[in-house]
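Trainee: Residue numbers (the numbering used here): -16 to 489.
Glycine included, each C-beta is placed from N, C-alpha and C at the ideal position.
Keep in mind the model is a prediction, meaning the values are calculated, not measured.
1. Is residue 234 close to chain D? Criterion is C-beta to C-beta, closer than 7 Å.
2. Is the region 337 to 356 in contact with the region 385 to 403, if contact means three or more CB pairs nearer than 8 Å?
3. Just the C-alpha distance for residue 356 and residue 284, rounded to the nearest angstrom, thanks.
4. State yes or no: is the C-beta of residue 344 nearer than 6 Å to some heavy atom of the ligand FAD?
5. Since residue 133 is in the beta strand (DSSP E), which residue starts that stretch and which ends it?
6. Taking only three categories from DSSP, how would you classify residue 226?
7. By Cβ distance, which residues of its chain are closer than 7 Å to residue 312, with the 5 residues on each side in sequence left out?
8. Alpha carbon to alpha carbon, how far is residue 472 from residue 332?
9. May I ask you to verify whether the region 95 to 102 touches the region -15 to 0, counting CB pairs closer than 8 Å and requiring at least 3?
10. Could you work out which residue in 368, 404, 390, 361 is closest to residue 490 when comparing CA atoms only?
11. Considering residue 344, what are the terminal residues of the alpha helix (DSSP H) in which it resides?
12. I need the DSSP call for residue 52, collapsed to helix, strand or coil.
13. So does the region 114 to 126 actually touch the region 76 to 90, counting three or more Cβ pairs closer than 8 Å?
14. Three-state secondary structure (DSSP) at residue 90?
15. For my contact list, residue 258 and residue 127 are in at a C-beta cut-off of 8 Å; report their separation, rounded to the angstrom.
16. Looking only at its chain, what residues have a beta carbon closer than 7 Å to the beta carbon of residue 334, apart from the 5 residues adjacent to it on each side?
17. Report yes if the C-beta distance between residue 390 and residue 440 is below 7 Å; otherwise report no.
18. Counting beta carbon pairs with one atom in the region 217 to 224 and one in the region 316 to 325, are three or more of them shorter than 8 Å?
19. Residue 269 by DSSP, collapsed to three states: which one?
20. Can you look up residue 282 in the DSSP assignment and give me helix, strand or coil?
21. Less than 6 Å between C-beta atoms, sequence neighbours within five positions excluded: which residues of the same chain meet that for residue 425?
22. At what residues does the alpha helix (DSSP H) containing residue 201 begin and finish?
23. Quick check on residue 208: buried or exposed, where buried means 16 or more other Cβ atoms within 10 Å of its Cβ?
24. Are the CB atoms of residue 106 and residue 178 within a distance shorter than 7 Å?
25. Could you work out which residue in 305, 407, -12 is closest to residue 230 when comparing CA atoms only?
26. Express the C-alpha separation of residue 372 and residue 337 in angstroms, rounding to a whole number.
27. Between the region 274 to 290 and the region 237 to 253, do at least 3 Cβ pairs fall closer than 8 Å?
28. Please give the ranges of any alpha helix (DSSP H) in the region 400 to 459, keeping only runs that are unbroken, at least 4 residues long and fully inside the region.
29. From residue 66 to residue 78, what distance separates their C-alpha atoms?
30. What's the C-alpha gap between residue 194 and residue 115?
31. Going by DSSP, which residues form a beta bridge with residue 233?
32. So residue 3 and residue 64 are supposed to be a Cβ contact under 8 Å. How far apart are they, rounded?
33. Per DSSP, residue 220 is paired with what?
34. Please state whether the Cβ-Cβ distance between residue 413 and residue 365 is less than 7 Å.
35. Is the beta carbon of residue 174 less than 7 Å from the beta carbon of residue 136?
36. Give me the residue from 13, 89, 181, 320 with the minimum Cα distance to residue 224.
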């Protein structure tokens, strides 16, 4: 496929070496408005033009493929040569079309050339950099090579006009004569900068997700990630998979090394462009609000499906039932990828950057709450330096302990010196320290973990196993303070006062 801009004639030419079309095929495929949406598109375009509005915003809204060319072109010319017919020219201004035999004869050999006669206001599409950027964005991974007619500046040696040079050097002739006798005569040249035009390949990056995983080296994934995401760091993790069933698609997902800037700015309303959707290697869009749930807005990757139509519009895509299936599978695979991150890398890298996202996921994603709960990490009385998972906490629970104890506060020092944890720590119970604002909300969203409910030790209702002697001691203390309790209940606190024996040394 070759793309060439002709700024002088205000034309853009796109040529392929495919099978071409016969005269009948040109009429059948291009001469009738048969697809639903095409007529509506043309009507809308005409309406906006009448009102003096820009039609560029219509791009991608109707999914009409070829006819969207009229958004940027006043006229479209298709020259095509099929082996079974002579070369023909189809021409249209969107209102009517004509097909004639090409008077030039066979200039293509075989294939087609689409020529767009650009509108005055869309002439920027003839700029070389604009063309290159568009090809790279939308067709970077197409299997067929795409070339753009491009210019570059080269320094070349050119022969010097010796007669002119002789006139300039007349004054030096006598001095140079002796030297010239001793030197072999060489043609005189000078360095000149020239603009050179040639076909430049634009899509030399192969779609790595199309290859079997066992054939791809780790360095290839890292290199692809950096090229695709424009990130200079290696990703923390990646997953490469093929999903089959109701919809078939291939995907590679990455966890970046550093959280994107402004990750929580306008959380939930700001669209992200980290997941790029391809249909048969053609880039469709990254303009999504819900390809991934909000809490996974940091995941980067590609999704390539053969089951979605190439001319699907962004609007219908948002509501497409297959997209919902894709989203569900992407979330499952993402959580699998995160789960497999090595513990040391998880705590030191992933949790530091994306821990808040996982906590928000527990709050927001009911269907995956159990999976997300296993990814949570908290500070704990068990270890001052290392975070703990809920699974690790449960493994260390005392015999007959049926609650997961936690306390919330502004920082570790505040919670670990709280009077509410004294007795628990003295008895050897582990307490989770919730020191981030979102921590307590995520715990509240979890009814239980591994059959164990959560208990805030700073709230009423804390109970644990007591010996008979301890029970007798507590009953005696309640009896001792009964007059004070009665007075407090009558005068001010009513039923909000009780005797507790949680304090040890405070």
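Mentor: Let me lay it out:
1. In the structure shown, chain D does not exist; there is a single protein chain.
2. no
3. As a first step, residue 356 is located in the chain shown; it is residue number 373 there, counting from the start. As a first step, residue 284 is located in the chain shown; it is residue number 301 there, counting from the start. Using only the alpha carbons, I get a separation of about 24 Å.
4. Absence of the ligand FAD is noted for the structure shown, with no ligands found whatsoever.
5. Along the chain shown, one-based indexing puts residue 133 at 150. Counting along the chain, the beta strand (DSSP E) containing residue 133 begins and ends at 130 to 142.
6. As a first step, residue 226 is located in the chain shown; it is residue number 243 there, counting from the start. In the structure shown, residue 226 sits in a strand (DSSP, three-state: E or B).
7. Indexing the chain shown from 1 puts residue 312 at position 329. Cβ within range, chain order: 226.
8. The count along the chain shown starts at 1 and reaches residue 472 at position 489. The count along the chain shown starts at 1 and reaches residue 332 at position 349. So the alpha carbons of these two residues sit roughly 52 Å apart.
9. yes
10. Absent from the structure is residue 490, since the part of the chain shown begins at -16 and ends at 489.
11. Here residue 344 refers to the residue found at position 361 when the chain shown is read from its first residue. Taken as a continuous stretch (DSSP letters only), the alpha helix (DSSP H) holding residue 344 covers 334 to 347.
12. In the chain shown, the residue the question calls residue 52 occupies position 69. Helix.
13. no
14. For the purposes of this step, residue 90 is identified with residue 107 of the chain shown, where counting begins at 1. Coil.
15. Within the chain shown, numbered from 1, the residue matching residue 258 stands at position 275. Within the chain shown, numbered from 1, the residue matching residue 127 stands at position 144. Rounded, the Cβ-Cβ distance is 25 Å, inconsistent with contact.
16. Within the chain shown, residue 334 is the residue found at index 351, counting from 1. Excluding sequence neighbours, residue 334 sits near 360, 370.
17. In the chain shown, counting from the first residue as 1, residue 390 sits at position 407. In the chain shown, counting from the first residue as 1, residue 440 sits at position 457. Yes, these two residues count as a Cβ contact at 7 Å.
18. yes
19. Working through the chain shown from its first residue, we reach residue 269 at position 286. It is coil, neither helix nor strand.
20. Residue 282 sits at position 299 when you count from the first residue of the chain shown. Correct three-state label for residue 282: coil.
21. Here residue 425 corresponds to residue number 442 of the chain shown, with the count starting at 1. Cβ within range, chain order: 342, 345, 346.
22. Start at 1 with the first residue of the chain shown, and residue 201 comes out as number 218. Where residue 201 is concerned, the enclosing alpha helix (DSSP H) stretches over 201 to 212.
23. In the chain shown, counting from the first residue as 1, residue 208 sits at position 225. The residue in question, residue 208, is buried, as its Cβ has 16 or more Cβ neighbours within 10 Å.
24. For the purposes of this step, residue 178 is identified with residue 195 of the chain shown, where counting begins at 1. For the purposes of this step, residue 106 is identified with residue 123 of the chain shown, where counting begins at 1. In this structure, residue 106 does not lie closer than 7 Å to residue 178 by Cβ.
25. Start at 1 with the first residue of the chain shown, and residue 230 comes out as number 247. Residue 305 is the option with its Cα nearest to residue 230.
26. Position 354 of the chain shown, counted from the start, is the residue given in the question as residue 337. Position 389 of the chain shown, counted from the start, is the residue given in the question as residue 372. Each residue's alpha carbon lies about 15 Å from the other.
27. yes
28. 402 to 409, 420 to 427
29. Within the chain shown, residue 66 is the residue found at index 83, counting from 1. Within the chain shown, residue 78 is the residue found at index 95, counting from 1. So the alpha carbons of these two residues sit roughly 30 Å apart.
30. Your numbering for residue 194 matches position 211 in the chain shown. Your numbering for residue 115 matches position 132 in the chain shown. Answer to the nearest angstrom: the Cα atoms are 26 Å apart.
31. Walking along the chain shown from the start, residue 233 turns up at place 250. Per DSSP, 225, 287.
32. Along the chain shown, read from residue 1 onward, the residue named residue 3 stands at position 20. Along the chain shown, read from residue 1 onward, the residue named residue 64 stands at position 81. Their Cβ separation, rounded to whole angstroms, is 5 Å, which keeps residue 3 and residue 64 in contact under 8 Å.
33. Locating residue 220 in the chain shown gives position 237, counting from the first residue. 238, per the DSSP bridge assignment.
34. Indexing the chain shown from 1 puts residue 413 at position 430. Indexing the chain shown from 1 puts residue 365 at position 382. Yes, these two residues count as a Cβ contact at 7 Å.
35. Position 191 of the chain shown, counted from the first residue, corresponds to residue 174. Position 153 of the chain shown, counted from the first residue, corresponds to residue 136. Taking 7 Å as the Cβ cut-off, residue 174 and residue 136 do not qualify as a contacting pair.
36. The sequence position of residue 224 within the chain shown is 241, counting from 1. Closest by alpha carbon: 320.
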